[in-house]
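Peer 1: Here it is, the structure in full.
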Amino acid sequence: MLKRFILLIILFMFYSSGFAASGKNSIQIKGSDTMVNLAQAWAEKYMEENPGEFVAVTGGGSGTGFSSLISGSCDIAMSSRDIKEKEIALANKKGISPHEIKVALDGLVVVVNPKNPVSKLTLEQLAGIFSGKISNWKEVGGEDKKIVILSREVNSGTHVYFKEHVLRNNDPASKEEFAPGALMLPSSQAIADEVAGNPSAIGYYGMGYISPKQKAIAVANGAKSEFVEPTIDNVVKGKYPVSRPLFLYSNGAPEALVKKFTEYCFSAEGQDIVLKTDFVPIKR
Numbered sequence: 608m609l610k611r612f613i614l615l616i617i618l619f620m621f622y623s624s625g626f627a628a629s630g631k632n633s634i635q636i637k638g639s640d641t642m643v644n645l646a647q648a649w650a651e652k653y654m655e656e657n658p659g660e661f662v663a664v665t666g667g668g669s670g671t672g673f674s675s676l677i678s679g680s681c682d683i684a685m686s687s688r689d690i691k692e693k694e695i696a697l698a699n700k701k702g703i704s705p706h707e708i709k710v711a712l713d714g715l716v717v718v719v720n721p722k723n724p725v726s727k728l729t730l731e732q733l734a735g736i737f738s739g740k741i742s743n744w745k746e747v748g749g750e751d752k753k754i755v756i757l758s759r760e761v762n763s764g765t766h767v768y769f770k771e772h773v774l775r776n777n778d779p780a781s782k783e784e785f786a787p788g789a790l791m792l793p794s795s796q797a798i799a800d801e802v803a804g805n806p807s808a809i810g811y812y813g814m815g816y817i818s819p820k821q822k823a824i825a826v827a828n829g830a831k832s833e834f835v836e837p838t839i840d841n842v843v844k845g846k847y848p849v850s851r852p853l854f855l856y857s858n859g860a861p862e863a864l865v866k867k868f869t870e871y872c873f874s875a876e877g878q879d880i881v882l883k884t885d886f887v888p889i890k891r
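Once you know that position 57 of the sequence shown is 664 in my numbering, the rest is easy, because the numbers rise by one and skip nothing.
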């Protein structure tokens, strides 16, 4: 009886493993660290509603996601950037046809204490502040106080995006870094709490953290450009400068379980999860 029981367990594990590998009841999602929490939240709720199916989510970065999709080791790649031409070419050589699906938008809010008179800044001024070139609020129309810079920690995708988009102005050749004196905090909530209690602080986080305890800064591309408030509508319309689309990529148009999962991401519940995880929904 014991031998028969052990054999049944081995057969069950083998069957389950083979069934999962066939893609009939499981999918692998890999890629963007920025999107990991969002994808995990989707996966957890999806599996609650579909108990016979399994969705595994791992990060590693957008490039890792594309490499995995190209090698066939994942079903969906998460990315906070467009796929590169060289990645498409490599994929095509291996018989993979990357199919792009825009699932959410990422809008980052720059915040100060409500007592701070500064309410609008250009991207150039933000770059100057966070890199340390501008160190006193009086340089941007505020009081004569030293600026306290708050940032997410270096392994945060939000940190990387803010550095590349704001500090480096999307210039691949730029080596600009956050000021040495910047305080690297472990979470968006930590930044929100510090800004709420420090009139000299400035920080950034996802739109979901906006509250009356902080003041959101209107941002302009340049001195002659319109200053835009960080609202969902402005992000959706592409007007707010510190925002970007978030993607899922599949091999060809989604089919079977991949299609079912991506359709869930666009459902009312899926888009509500987008908002709850500090991103901006594609559908409202």
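Glycine included, each C-beta is placed from N, C-alpha and C at the ideal position.
This structure is a prediction, so every number in the text was calculated from the model and none was measured.
Leaving aside the five residues before and after isoleucine 703 along the sequence, list all residues of the same chain whose C-beta is less than 6 Å from its C-beta, in chain order.
Peer 2: For isoleucine 703, where only same-chain residues beyond five positions count, the Cβ hits under 6 Å are Ile677 and Asn858.
Peer 1: Whose CA, out of Thr884, Glu651 and Ser781, lies closest to the CA of serine 794?
Peer 2: Thr884
Peer 1: Roughly how many whole angstroms lie between the Cα atoms of valine 865 and leucine 728?
Peer 2: Approximately 42 Å, taken between the alpha carbons.
Peer 1: Should phenylalanine 868 go down as buried or exposed, given a rule of 16 or more other Cβ atoms within 10 Å for buried?
Peer 2: buried
Peer 1: Leaving out five residues on either side along the sequence, give the residues of the same chain with a beta carbon under 8 Å from the beta carbon of proline 819.
Peer 2: Pro721
Peer 1: Count the other CB atoms within 10 Å of the CB of glycine 788; is the residue buried (16 or more) or exposed (fewer)?
Peer 2: exposed
Peer 1: Tell me which residues share the same chain as phenylalanine 873 and place their Cβ nearer than 8 Å to its Cβ, disregarding the 5 neighbours each side in the sequence.
Peer 2: Val710, Ile889 and Lys890
Peer 1: What residue from Phe769, Glu660 and Met685 has the CA that sits closest to isoleucine 941's CA?
Peer 2: The first residue shown for the chain is 608 and the last is 891, placing residue 941 beyond what the model contains.
Peer 1: Between the stretch 845-859 and the stretch 686-696, can you find at least three pairs of beta-carbon atoms closer than 8 Å?
Peer 2: Yes, the stretch 686-696 is in contact with the stretch 845-859.
Peer 1: For threonine 665, list the residues DSSP reports as bridge partners.
Peer 2: Lys637
Peer 1: Kindly list the residues whose CB is nearer than 7 Å to the CB of glycine 735, restricted to its own chain and excluding five residues on each side of it in sequence; keep chain order.
Peer 2: Ile741
Peer 1: Leucine 812 to isoleucine 756, Cα distance in whole Å?
Peer 2: According to the sequence as given, residue 812 is tyrosine; it is not leucine. Those two C-alpha atoms are separated by around 13 Å.
Peer 1: So glycine 672 packs on alanine 684, CB below 8 Å; how close in whole Å?
Peer 2: 3 Å
Peer 1: Would you list the one or two residues that DSSP bridges to lysine 822?
Peer 2: Per DSSP, Val719.
Peer 1: Am I right that valine 835 and lysine 846 are in contact with their C-beta atoms under 8 Å? What's the rounded C-beta distance?
Peer 2: 5 Å
Peer 1: With 16 other CB atoms within 10 Å as the buried threshold, where does proline 724 fall?
Peer 2: Burial is judged here by how many other beta carbons sit within 10 angstroms of a residue's own beta carbon; proline 724 has fewer than 16 and is exposed.
Peer 1: Give me, in chain order, the residues of the same chain whose beta-carbon lies closer than 6 Å to that of proline 861; leave out the 5 immediate sequence neighbours on both sides.
Peer 2: Thr869
Peer 1: How far does the alpha helix (DSSP H) with serine 686 in it extend, from its first residue to its last?
Peer 2: For serine 686, there is no enclosing alpha helix (DSSP H); the enclosing beta strand (DSSP E) has its first and last residue at 683-686.
Peer 1: Taking the alpha-carbon of isoleucine 824 as reference, which of Leu792, Val717 and Thr641 has the nearest alpha-carbon?
Peer 2: Val717
Peer 1: If we count the other Cβ atoms within 10 Å of its Cβ and call it buried at 16 or more, is aspartate 713 buried or exposed?
Peer 2: Result: buried.
Peer 1: Can you list, in chain order, the residues of its chain with a C-beta nearer than 6 Å to that of threonine 765? Leave out the 5 residues immediately preceding and following it.
Peer 2: Cβ contact annotation for threonine 765 (same chain, cutoff 6 Å, sequence separation greater than five): Arg759, in chain order.
Peer 1: Between the C-alpha atoms of threonine 665 and isoleucine 754, what's the straight-line distance to the nearest angstrom?
Peer 2: 37 Å
Peer 1: Please work out which residues of its chain come closer than 6 Å, Cβ to Cβ, to alanine 698, disregarding the five sequence neighbours upstream and downstream, and give them in chain order.
Peer 2: Same-chain partners within the cutoff: Ile677 and Pro705.
Peer 1: For isoleucine 703, which three-state DSSP category applies?
Peer 2: coil
Peer 1: Run the CB neighbour count on glutamate 694, radius 10 Å, all protein chains shown included, and call it buried at 16 or more, exposed below.
Peer 2: buried
Peer 1: Quick one: Cα of valine 887 to Cα of isoleucine 798, how far?
Peer 2: 20 Å
Peer 1: Would you report the Cα separation of glycine 679 and glutamate 656, rounded to the nearest angstrom?
Peer 2: 27 Å
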